[in-house]
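Only one structure is covered here, and it is reproduced in the block below.
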Amino acid sequence: MKHLFLFGLMAAALGVSHAQTAAKPTYVALSLGVAHSDALDSLKSSDGLFDTRTTPVAYRLSVGRRWGPLWSTELSFTDWGKASFNAVPATGTDARGSVSAMGWTGWSVWRGQTELDLTWVTRIGLSFNQSHGVSRQTGFQDIDHKWSTWTPIYGLGLEYALPEDLRLAFTADITKIDVATSRPYIKFYALSLSKSF
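Numbering (my numbering), first residue to last: -2 to 194.
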């Protein structure tokens, strides 16, 4: 009986070891969605003089490593797209411009299981963000500026495991960018597909 008990312990240990070995800790992810910033909100409230488009298409590329079932780290590049504005034709001016932004981020990611086969995801990171503002109007000198800043970034999400080591997730995160003398928030809502290796 004692030998059977020891054999059972060895088999269990081997099973755990095999599961840990079989787990694929490295993964890559592609996120597609929309970004929204209040960088142009002051123009939207300028007595209707400007038309603005402040919800551009955005994407993120990430590579990560799981250090256990609950914690992983990631590096990512995000292109939040471009928000643009144009003067309303009735104003008789051709003023137009845009603000674009991108960021490089290091993440710490925590996961936890729910009762619906979903995994909740909490993310916190430090992001180096760059923004680029351009404004043009006939008769005036063009404005072309770039700004950069280090800033925290926070995110939440829900993740669902698929076959073939794939995971589908809905994510949302928020950070800040520098635009002239202001630091507007920028939010990113996305669907993400990741693959483990």
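Using N, Cα and C, we set each Cβ at its ideal position, and we do this for glycine too.
- With respect to the 7 Å criterion, serine 105 and threonine 70 are classified as neighbours on the basis of their beta carbons.
- By the Cβ-count criterion, arginine 57 is buried, with 16 or more other Cβ atoms from all chains shown falling within 10 Å of its own Cβ.
- Secondary structure at aspartate 114: coil, using DSSP grouped into helix, strand and coil.
- Taken atom to atom, the span from the alpha-carbon of tyrosine 186 to that of isoleucine 171 is near 9 Å.
- Among the bridge pairs identified by DSSP, alanine 98 is matched with Ser128.
- By the C-beta criterion, the segment 58 to 68 is judged to be in contact with the segment 102 to 118, since at least 3 inter-stretch pairs fall below 8 Å.
- At a Cβ-Cβ threshold of 7 Å, alanine 92 and tryptophan 77 do not count as neighbours.
- In the three-state scheme derived from DSSP, where H, G and I count as helix and E and B as strand, isoleucine 121 is classed as strand.
- In chain order, Arg57, Ser59, Thr102 place their CB closer than 6 Å to the CB of serine 73, counting only its own chain and leaving out the 5 sequence neighbours on each side.
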